[in-house]
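Number of protein chains: 2
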Amino acid sequence: MKLEKITDRTEPTRRRYDDACGTAHALDLIGERWALLVVRELLFGPKRFSDLRADLPGISANVLTQRLEGLEEFGIVTRRKLPPPASAQVYELTPWGMDAQPIIEVLGRWGARSPHHDPTMPISAAGLLSSFRTMYGHDQVKGIDARIGVRFGRESFVIHISHGRVEVTRGEFDTTDVIIEGTPVALGAAVYGGVPFETLAAQGMLAVSGDMALARRFQTLFPLPAKAQTASA
Amino acid sequence: MKLEKITDRTEPTRRRYDDACGTAHALDLIGERWALLVVRELLFGPKRFSDLRADLPGISANVLTQRLEGLEEFGIVTRRKLPPPASAQVYELTPWGMDAQPIIEVLGRWGARSPHHDPTMPISAAGLLSSFRTMYGHDQVKGIDARIGVRFGRESFVIHISHGRVEVTRGEFDTTDVIIEGTPVALGAAVYGGVPFETLAAQGMLAVSGDMALARRFQTLFPLPAKAQTASA
DNA sequence: CGGCATCCGGGAAGATACTG
DNA sequence: CAGTATCTTCCCGGATGCCG
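Order-wise, the sequence lines are chains Z and V. With my numbering, letter number 35 in the first sequence gets 35, and the count goes up by one each step, no holes. With my numbering, letter number 198 in the second sequence gets 1198, and the count goes up by one each step, no holes.
This is how it looks when you write it as structure tokens:
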């Protein structure tokens, strides 16, 4: 018996900024808690509900449901049914949703300079790989032409470094110069924490094969930015 | 008698994403409701508490207080006491806080392409001027060299167009080609709604003086972007 | 009047359990 | 596996009141 709310409003007053500014409107769309991280998780391709849950530790099922509903309603995410025999439902970004990538990158660059930023926390595959796309040092990458294969569990990615740029795509790799297998946290420790591959390998957290000199150079391509100036100018 | 919560935690469990990703950390800092709009309002210079309240219709005093406390704690905002006789307290961005400007711009560009975006809503001075910095058409601006003075109430700004770029700064203007006086909403209607200056002037909402041909050209410099593609590719 | 502190109602987020 | 149902907690928004 829930006869309380017969106030008959199809939309129960979604909380919005009544502001014509495009920034405010963007926050209406992806400003709710977890929303932008859901988008980040989909940047490299479609995922299933339980994958999203696993990669976003801390989100609860009902909140994830709500965010996906909202993102779908706004045209940022589409739900798609895979053909049999997979027959699973996946969520993927629309073209416009993909265009949110610069937002995630700019936020990442800015947030990494925070005095409170702690790079030693857990990180998801999408979070780490997205950081590679944005945090590489232009000087460090100059002159390198290499392909590095990364496997996290059953997902594979290729990091392609050439012409002073770093590109990351999901997909199987056949001809890569280095192959890294393990967890995002371990690779993050190697790249951002400076932990040697040998240490991680000895603990069974990471397996590196191929051109080891290149692998070690890869470790140095992503310098953490200087902490920002938080005192008044 | 509030003897309930003596659980003695200096930080009462602030809600955070426990994620090493810089994007997630940025959202820890400026992801709360209203936070980024407070930053937007400070992009053109310091403001007082009541100015912020007036320019952010819908925010309540206690929430503004909380956001300012948080932003100050994170090193994004500083509070400063003006010398007598003004003797007022103002809030201003730290250098790092200023660096959040690209975040606001990128969000604005993306949000303006939303199918749900409604440019006819109220807008603040900072919101409108910030949109000028990001939404100008490169083709439309090419070859123009002009200075346009804008006065909203007692605040003045200069829009400087040259070398294919648009810069906006707060400050008094002496030698500008055009002077526009009125409200942000009226100027927004002229620029984004295509409402002729004569109509707005007749209603006493906007006063334009100086090079009227340039003023009318200024109206055409900010084409609204095409709506985004929200169907799957 | 500016800059908060306090109290309250509603709603969003978090945790857990449960179902098709 | 992919969500719903339920309950609790916390945050947001509005009103009021204090205090320099």
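All residues carry an ideal CB built from backbone N, CA and C; glycine is no exception. Model, not experiment: these values are computed from the prediction.
(1) Below 8 Å between beta carbons: does that hold for residue 176 (chain Z) and residue 158 (chain Z)?
(2) Can you tell me whether residue 1136 (chain V) is helix, strand or coil according to DSSP?
(3) At least one CB of chain V closer than 8 Å to the CB of residue 204 (chain Z): is that the case?
(4) Secondary structure at residue 1150 (chain V), three-state DSSP: helix, strand or coil?
(5) Kindly indicate the opening and closing residues of the alpha helix (DSSP H) around residue 1160 (chain V).
(6) Pairing CB atoms from the segment 1057 to 1064 of chain V with CB atoms from the segment 154 to 168 of chain Z, are three or more of them under 8 Å?
(7) Whose C-beta lies closer than 8 Å to the C-beta of residue 141 (chain Z) among residues of the same chain, with five residues either side of it excluded?
(8) Any contact of the segment 1074 to 1081 of chain V with the segment 69 to 86 of chain Z, i.e. 3+ C-beta pairs under 8 Å?
(9) Just how far apart, CA to CA, sit residue 1102 (chain V) and residue 106 (chain Z)?
(10) Taking the alpha helix (DSSP H) that residue 1179 (chain V) belongs to, which residues open and close that run?
(11) Name the residues in the segment 1102 to 1113 of chain V whose C-beta lies less than 9 Å from a C-beta of chain Z; which are they?
(12) Going along the chain, which unbroken runs of the alpha helix (DSSP H) with 4 or more residues stay wholly within the segment 85 to 127 of chain Z?
(13) Using a beta-carbon distance cut-off of less than 8 Å, what residues from the segment 208 to 231 of chain Z approach chain V?
(14) Given 8 Å as the limit, is there contact between the segment 1124 to 1141 of chain V and the segment 17 to 33 of chain Z, that is, 3 or more CB pairs closer than that?
(15) So if DSSP puts residue 1209 (chain V) in a beta bridge, which residue, or which two residues, is it bridged to?
(16) Quick one, which residues of the segment 53 to 82 of chain Z are near chain V if we go by CB-CB under 8 Å, in chain order?
(17) What three-state label does DSSP hand residue 48 (chain Z) in the structure shown?
(18) Report yes or no: do three or more beta-carbon pairs, one from the segment 86 to 100 of chain Z and one from the segment 1224 to 1233 of chain V, lie closer than 8 Å?
(19) Would a C-beta distance cut-off of 8 Å place residue 1145 (chain V) and residue 1178 (chain V) closer than the cut-off?
(20) Between residue 26 (chain Z) and residue 1111 (chain V), how many whole angstroms is the CB-CB distance? I'm expecting something under 8 Å.
(21) Just tell me which of Z:181, Z:43 and Z:137 has its CA closest to the CA of residue 154 (chain Z).
(22) CB-CB under 6 Å to residue 170 (chain Z), same chain, minus the five flanking residues each way: which ones, in chain order?
(23) For residue 1190 (chain V) versus residue 1214 (chain V), is the C-beta spacing smaller than 8 Å?
(24) Suppose you measure from the CA of residue 1050 (chain V) to the CA of residue 143 (chain Z); what does that come to, to the nearest Å?
(25) Should residue 1123 (chain V) and residue 1188 (chain V) be called a contact, given that it needs their Cβ atoms to be closer than 8 Å?
(26) Could you tell me the distance, in whole angstroms, from the CA atom of residue 1042 (chain V) to the CA atom of residue 104 (chain Z)?
(27) For a contact defined as C-beta to C-beta under 9 Å, what are the partners of residue 1019 (chain V) on chain Z?
(28) Which first and last residues belong to the beta strand (DSSP E) in which residue 1167 (chain V) is found?
(29) Sort out for me which residues DSSP pairs residue 81 (chain Z) with in a bridge.
(30) Nearest to residue 1184 (chain V) by CA position, among V:1150, V:1109 and V:1100, is which residue?
(31) State the start and end residues of the unbroken alpha helix (DSSP H) segment that holds residue 1197 (chain V).
(32) Using 8 Å for Cβ pairs, my map puts residue 1068 (chain V) next to residue 1090 (chain V). What's the rounded Cβ distance?
(33) Reducing DSSP to helix, strand and coil, say where residue 192 (chain Z) ends up.
(34) At 7 Å on the CB atoms, spell out the chain Z contacts of residue 1025 (chain V), in chain order.
Put simply:
(1) Yes, the Cβ-Cβ distance between residue 176 (chain Z) and residue 158 (chain Z) is below 8 Å.
(2) coil
(3) no
(4) strand
(5) Careful: residue 1160 (chain V) lies outside any alpha helix (DSSP H), inside the beta strand (DSSP E) at 1155 to 1162.
(6) Contact fails: fewer than three Cβ-Cβ distances are below 8 Å.
(7) 161, 164, 165, 166 and 221
(8) No: fewer than three Cβ pairs fall under 8 Å.
(9) 7 Å
(10) No alpha helix (DSSP H) contains residue 1179 (chain V), which is instead part of the beta strand (DSSP E) from 1178 to 1182.
(11) From the segment 1102 to 1113 of chain V, only 1102, 1103, 1104, 1105, 1106, 1107, 1108, 1109, 1110, 1111, 1112 and 1113 have a Cβ closer than 9 Å to chain Z.
(12) You should have 95 to 98 and 101 to 111.
(13) 228, 229, 230 and 231
(14) Counting Cβ pairs under 8 Å, three or more are found: they touch.
(15) V:1179
(16) 57, 58, 74, 75, 76, 78 and 80
(17) coil
(18) Output reads yes: the segment 1224 to 1233 of chain V touches the segment 86 to 100 of chain Z.
(19) Note that the C-beta distance between residue 1145 (chain V) and residue 1178 (chain V) is not below 8 Å.
(20) 3 Å
(21) Z:181
(22) Non-local C-beta neighbours of residue 170 (chain Z) in its own chain, meaning closer than 6 Å and more than five positions away in sequence, comprise 44, 45 and 157, ordered along the chain.
(23) no
(24) 54 Å
(25) Yes.
(26) 22 Å
(27) Neighbours of residue 1019 (chain V) on chain Z, chain order: 37, 56, 57, 58, 121, 122, 123, 124 and 127.
(28) Residues 1165 to 1170.
(29) Z:89, per the DSSP bridge assignment.
(30) V:1150
(31) 1197 to 1202
(32) At roughly 11 Å, the Cβ-Cβ gap does not stay under 8 Å, so residue 1068 (chain V) and residue 1090 (chain V) are not in contact.
(33) helix
(34) Chain Z residues near residue 1025 (chain V): 111, 114 and 117.
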